[in-house]
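Comments concern the structure below.
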């Protein structure tokens, strides 16, 4: 099977992406096009309030009895239980049962980056291929795998946690509890951390001006803004993070041999400033680059809606 969404019956579906900072919902048509969209902030640390926010987003985007799919961060098993959250404080949450009880409708639950992979494979940058790696670069790094025309979830539903490959055993402490995970050096959080360090090390940088000298005001988005304005310090930060991203992608390509690598998530908004260094580092690091077909490394087409669109497509699939 290759990517694509075709539904001539006029059936629509709803997808919700429950992220660490926001809850985003969409209603799509049978071709994966977004008809309605809603966003609310994710209540920090409060599962009950998060469930209320999910219900509120659903009410904004659901028109009738459309099937509902939800992407959640972390380790999600086949029963819809999130055993450990990624960059959220929840754990051992029976999402499917909770949401069915709260919303009164059956829901399809999956990992958010698996949903993002489905969205890009079926309606975005991965259309037409049978083997794709999705790399979601946001607060952390998550992944989704499509191999042999099938979404891969592994024996327990946990496949794709690529951000937690250890690259430096004594490195930065990761949100998962380990040290030196790939996401500690190649994610949006890494961009933010290096941007804050630059505030003191490079006082003439545009980063300091945009942040008003406030370290706490520095974010990955602010560093990206400075980079697009031509600030050399910010451009250098994105290049460093992109290089580490590309080295990690090379290792995964060695293992998985995809036709395309789709990079999504909030940090991907940096576009060529992040992806060009990643492509260079990939070509330098992948095994026998000259002896293998080119692997396209491209930005996600669906932007921040990708995981919600993918969750909606999974909900549509559950009806067939």
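Numbering (my numbering), first residue to last: 2 to 321. C-beta atoms are modelled at their ideal positions from N, C-alpha and C, and glycine is treated no differently. In this text the structure is predicted, and so the values were computed from the model without any measurement.
Residue 126 and residue 27 closer than 7 Å at C-beta: In this structure, residue 27 does not lie closer than 7 Å to residue 126 by Cβ.
Of the listed residues 132, 150, 13 and 317, nearest to residue 65 (C-alpha basis): 13
Residue 42 to residue 254 span [Cα, whole Å]: 35 Å
Residue 100 in three-state terms, based on DSSP: helix
CB contact flag (residue 267, residue 144, <7 Å): no
Buried versus exposed call for residue 320 [16 or more other C-beta atoms within 10 Å across all chains shown]: exposed
Beta-bridge pairing of residue 153 - partner residues as DSSP gives them: 146
Rounded C-alpha distance that separates residue 240 from residue 148: 30 Å
Reduced DSSP category for residue 287 - H, G, I as helix; E, B as strand; rest coil: coil
Within 7 Å, strictly: CB atoms of residue 161 and residue 146: yes
Cα-Cα separation, residue 206 to residue 235: 8 Å
Residue 273 - DSSP class collapsed to helix/strand/coil: helix
Residue burial classification, residue 256 (beta-carbon count within 10 angstroms, cutoff 16): exposed
Environment of residue 68 [buried if 16+ CB atoms lie within 10 Å]: buried
Simplified DSSP assignment, three categories, for residue 278: helix
Residue 218 in three-state terms, based on DSSP: helix
Three-way DSSP call (helix, strand, coil) for residue 70 in this model: strand
Simplified DSSP state of residue 26, which is helix, strand or coil: strand
Sheet register partners of residue 115 (DSSP bridge): In DSSP, residue 115 forms no bridge with anything.
For residue 310 and residue 29, believed in contact at Cβ under 8 Å, the rounded distance: The Cβ separation is near 6 Å, so the contact holds.
Three-pair Cβ contact test at 8 Å for the region 72 to 82 versus the region 300 to 315: yes
Residue 177 versus residue 77: straight-line alpha-carbon distance, rounded: Straight-line measurement puts the Cα of residue 77 at about 15 Å from the Cα of residue 177.
Delimiting residues of the beta strand (DSSP E) encompassing residue 323: Any answer about residue 323 is impossible in this case: the structure gives the chain only from 2 up to 321.
C-beta atoms of residue 62 and residue 15 nearer than 7 Å: yes
Spatial distance of residue 315 from residue 231 (CA atoms): 41 Å
Presumed contact (8 Å Cβ cut-off) between residue 135 and residue 117, rounded CB distance: 6 Å
Which listed residue (214, 21, 294 and 233) has its alpha carbon closest to that of residue 114: Out of 214, 21, 294 and 233, 21 has the C-alpha closest to the C-alpha of residue 114.
Contacts around residue 58, its chain only, beta-carbon distance under 7 Å, and the 5 residues preceding and following it disregarded: 17, 24, 26, 39 and 41.
Beta-carbon spacing of residue 228, residue 219 below 7 Å: Not a contact, by the Cβ cut-off of 7 Å.
Identity of the residue in 303, 83 and 98 nearest residue 121 by Cα: Looking at 303, 83 and 98, the one whose alpha-carbon comes closest to that of residue 121 is 303.
Boundaries (first-last residue) of the beta strand (DSSP E) holding residue 14: 14 to 19
Residue-level contact to chain D via CB, residue 92, 7 Å cutoff: The structure shown has no chain D; it contains just one protein chain.
Of the residues 123, 295 and 167, the one placed nearest residue 152, counting alpha carbons only: The closest CA to that of residue 152, considering only 123, 295 and 167, is found on 123.
Residue 133, enclosing beta strand (DSSP E) - first and last residue: 133 to 138
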